[in-house]
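Working notes, beginning with the structure itself.
Numbering (our numbering), first residue to last: 240 to 347.
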């Protein structure tokens, strides 16, 4: 029984040592690969600087289509009111008088 136990224990020892060595090498390889990739990115960014990113334009996010339509309606209404308030009554009256005077002069 001694030889069989020794052979079995030596096989388990060799297998576990091989497994642990493989796990350690895989972890080490992954760490080194990550470090090299990071170093490459840092060196590339120093050698070829990134182009500056244009700032994003600010925009007003509306909650819904209904709100957008309300805003469009209000802006059109404001334009109409502004046009009425800026209308020159005297100039309008003078144009109408000239038009009517021109029509009356043609009839005579």
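Virtual Cβ for every residue (Gly too), placed ideally from N, Cα, C. Predicted model only: the values in this text are computed from it and were never measured.
Run of the alpha helix (DSSP H) containing residue i, from where it starts to where it stops
i, result
"residue 262", "241 to 286"
"residue 344", "328 to 346"
Where residue i falls: helix, strand or coil (DSSP)
i, result
"residue 323", "helix"
"residue 296", "coil"
"residue 290", "coil"
"residue 303", "coil"
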